[in-house]
Amino acid sequence: MQNNPSALEWTVLTPRKPLLDLRLREVWQYRDLIALFVRRDFVATYKQTVLGPLWFLLQPLFTTIVFTVIFGKIAQLPTDGIPDFLFFFSGVVVWNYFADCITKTSTTFSANSGVFGKVYFPRMTVPIASVISNLITFGIQFVLFLVIVGWFMLRGNAVQPSWKVVVLPVLVLQMAMLGIGVGCLVSALTTRYKDLNMAVGFGVQLWMYASGVIFPRSEVPANLQWLMTINPMVPVVESFRYVFLGAGTVEIYQLAAGAILSVVIFLWGVVIFNRVERTFTDTI
Amino acid sequence: MSEVIKVEHLSKRYRLGVINRGMLYRDLQSWWARLRKKEDPNAPISSRVSHPNRIEHGDEFWALRDVNFTVRQGDTLGIVGRNGAGKSTLLKILSRITSPTEGRVAMRGRVASLLEVGTGFHPELTGRENVYLNGAILGMSRAEVRSKFDEIVEFSGLSDFIDTPVKRYSSGMYVRLAFAVAAHLEPEILVVDEVLAVGDAEFQKKCLGRMGQVTREGRTILFVSHNMNAVQTLCKRGIVVDDGRIVFDGEAKAAANFYLHRNAPTADSYKNPANRAGTGAFRIEEIVFTDEHGHPRPEPVNGETLDVRFRFRHHTTRRFPAMQISVTFGTTDQINVFNQRNTLKGVAFRDLPETGEIVLRIPRFPLPAGEYELSYTVKSEPRGGEVLDSVHVGMAFTVQDGAFFGTGNSLSRISGLCLVDGDWRVENGL
């Protein structure tokens, strides 16, 4: 019975809340909203485009072709013995997912300030929805990746997927957490400094060059290897190539360190996000 | 009945220096200015001037101060107050858009707040998709929206266009669809801002009608408004917010009365007008609105007698054999509604004392509720005399709805800029 409030719960609003209160139950109550946000993302992006959802496939293909020509053919960067196209495509697919998670999450507050100022719903639903829609995009591109791997294998290239591909969900989860974490930190900062929105694009691009998307870790000079070690995206990209293409440098300790760092950044991002969520309408 | 909302010692502070900066560059600029002991170029000034008693420690602004009240289930509570009194902040905290600085709020049941209709509508999506999206943003589950979908579409009257992207809608269609969704929310507590009650008369009526229906279903409504008529018809109880505090809590009628009659000066805006002309030998120092008994009426009520008191002072020993004072009441968009002057009525002002009051009495004040401005000119006569004091848009004020027609009915400004009484009857035959 809806009209009997004594049976209902109290919602209490106070100045302070526990730091790490994820309010997952509330987010779960709004799962329909998340689903609708995901749907909105897709419908709104591809309405009134001629090629529509085909862009999901064309975008990584074109990027890969550009990389193959510039870095493979002209600069002749070594690719651990994997065919250039496959090497770059695997990097692009993985990186796209991660980069989209960051950029979408980082605009959570700035892009939704109008709605956030008028109605309450758990703000976390917005980044969660973007991560899910990115996951769908990733799924589509991943299928294309598998098709291309199969085609190269048929042609007799030295490509050896192993049973270790089962780690894929772990890699995706790690990227999602790292992406949300960094995105949340940036989105929280952009409520005060809008300039950061501009910097995100460059930052992500720079990060890509330092993450082994363009060149394998084995080619990095020894005095710069530390950069590869502290970058939690390197083991993800390298592992992805290692399990699907059979080449790359993967060390367990580094995988573990990357995973731990990702979790830490994720939690940090969520804490900051929750803090900003409570008062951001006062400052934007 | 049981309590559904408990607000205890609620305060909200804004830090003036932090608001609306938005750029690293600005922060650096402020920091540099402070370093050189200069005035911060980014310091907000408007709120400092208009609410001096709410500023503390230089940059802390208390939008709400120790607010306490409880609401029982099924109550309809009207929250009234001037612009900037703290109503909107209270509304935002109750809607969970922002958090309190001190104190706590406890609410039982689902809370829906309507501060705007159509929040989150996406232009590329169709009407149908937007109904689901908007419903979800307002807290409805997909199943709930689905079960009410036909009702919503019927209420909006847009069944032919429901699969058209809303970017092709006219603004009227857009609002109708958005309101239809909002009207079908079924929360235990509904928080409504008066923005919902503006717009065309038909829409307003539909909105208020729907709210009345919701109350009869035993739900709790908080209604924030300037419109005393709406508050009195819709609400049982009213609280008046002023300067961040609750200054009255009681029956809606009493609250409306309190709000209309409280002794708040509005002549502040007048005292030193910038747009002043004239020789200055004679000046209007202050303009005060009162009722016929001399009680201050900062916001005139239409249908009541209004005395406009011009407090004057001669600034030289010169006295004038004849003077004309002309007063124009106009809308805020510079349309003159009516003019009144002493010479029209054959009243002569000659050899006035050094100080005193010129009083203009307007019986059955005829302006519909809304915002207005007053301008005046004082000239020495005869014709062609010098302008002594003239202020264009000297004072802004709000007119409240009263009992102009004596029936409880009122007209909005959309129907006409002036209220005129009339008698209606029927005569037989041609």
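In order, the protein sequence lines correspond to chains A and B.
In terms of this note's numbering, the first sequence is residues 1 to 284.
In terms of this note's numbering, the second sequence is residues 1 to 430.
Each residue gets a CB set at the ideal place from its N, CA and C atoms; glycine is no exception.
Report the neighbours of A/PHE202 on chain B: residues whose CB is nearer than 7 Å to its CB, in chain order.
Neighbours of A/PHE202 on chain B: none; closest Cβ ~16 Å, over 7 Å.
Show which residues of chain A have a CB atom less than 9 Å away from the CB atom of B/PRO100.
LEU13, THR14 and PRO15
Among the residues of its own chain, which have a CB less than 8 Å from the CB of B/VAL105, if the five just before and after it don't count?
ILE5, LYS6, VAL7, GLU8, LEU10, ILE93 and LEU94
Assigned exposure category for B/THR146 - 16 Cβ within 10 Å defines buried
The displayed chain sequence assigns Arg, not Thr, to residue 146 of chain B. The residue is exposed, with fewer than 16 neighbouring Cβ atoms inside 10 Å.
From B/ALA63, B/LEU77, B/GLN73 and B/ASN130, residue whose alpha carbon lies closest to that of B/GLU251:
B/LEU77
In the structure shown, what three-state DSSP assignment does B/THR389 receive?
According to the sequence as given, residue 389 of chain B is Asp; it is not Thr. Strand at B/ASP389.
For B/LEU115, which of helix, strand or coil comes out of DSSP?
coil
Against B/MET107, what residues of chain A qualify as contacts under a CB-to-CB distance less than 9 Å, listed in chain order?
TRP10, THR11, VAL12 and LEU13
Are the C-beta of B/GLU8 and some C-beta of chain A separated by less than 8 Å?
no
Under the DSSP definition of a beta bridge, which residues are partnered with B/PRO165?
B/THR126
DSSP puts B/SER225 in a beta bridge; with which residues?
B/VAL80
So, does the CB of B/LEU388 fall closer than 8 Å to a CB anywhere in chain A?
no
Measure the alpha-carbon distance for B/ARG313 versus B/PRO363 and round it to whole angstroms.
26 Å
Pick from A/ILE74, A/ILE252, A/GLY246 and A/ALA257 that is closest to A/VAL165, judged by C-alpha positions:
A/GLY246
Along the stretch 109–122 of chain A, what residues have a CB closer than 8 Å to any CB found in chain B?
GLY114, VAL115, PHE116, GLY117, LYS118, VAL119, TYR120 and PHE121
Chain A residues whose Cβ lies nearer than 7 Å to that of B/SER141:
ASP32
For B/ILE189, which beta-bridge partners are listed by DSSP?
B/VAL111 and B/THR220
Measuring CB atoms only, is the stretch 166–180 of chain B touching the stretch 123–136 of chain B, in the sense that at least three cross pairs come out at less than 8 Å?
yes
Residues of chain B with a CB under 7 Å from the CB of A/ARG40: which are they?
HIS122, LEU125 and LEU133
Rounding to the nearest angstrom, what Cα-Cα distance links A/THR279 and B/ILE97 in this structure?
8 Å
Which same chain residues, not among the five before or five after A/MET208, have their C-beta less than 6 Å away from its C-beta?
TRP95
Contact defined as beta carbons within less than 8 Å: I believe B/LEU367 pairs with B/VAL378. What is the distance between those atoms, to the nearest angstrom?
Contact doesn't hold; Cβ gap of about 23 Å is too wide.
Over the uninterrupted alpha helix (DSSP H) stretch that includes B/PHE405, give me the two end residues.
Segment: none, B/PHE405 is in no alpha helix (DSSP H) and carries neither H nor E.
Per DSSP, which one or two residues make a beta bridge with B/ASN339?
B/THR328
Taking the C-alpha atoms as reference points, what is the distance between B/LEU64 and B/ALA230?
24 Å
Taking only three categories from DSSP, how would you classify B/SER375?
strand
Given that a residue counts as buried once 16 or more other Cβ atoms are within 10 Å of its Cβ, and exposed if not, what is B/CYS207?
buried
Within chain A, partners of B/SER113 - CB distance below 9 Å:
LYS118, VAL119 and TYR120
Hey, is A/VAL43's beta-carbon within less than 8 Å of any beta-carbon in chain B?
yes
Contacts of B/ILE93 in chain A (Cβ-Cβ under 7 Å):
LEU13
Going straight from the alpha carbon of B/GLN334 to that of B/HIS295, what length do you get?
29 Å
CB A/PRO210 to CB A/LEU227, shorter than 8 Å?
Strictly speaking, residue 210 of chain A in this sequence is Ala, with Pro absent from that position. Contact: yes.
In the structure shown, what three-state DSSP assignment does A/VAL287 receive?
No answer is possible for residue 287 of chain A: it lies beyond the span of chain A, which begins at 1 and ends at 284.
Partner residues on chain A for B/TYR14, Cβ-Cβ distance less than 8 Å
ASP282
Would you verify that the beta carbon of A/ARG25 is, or is not, closer than 8 Å to some beta carbon of chain B?
no
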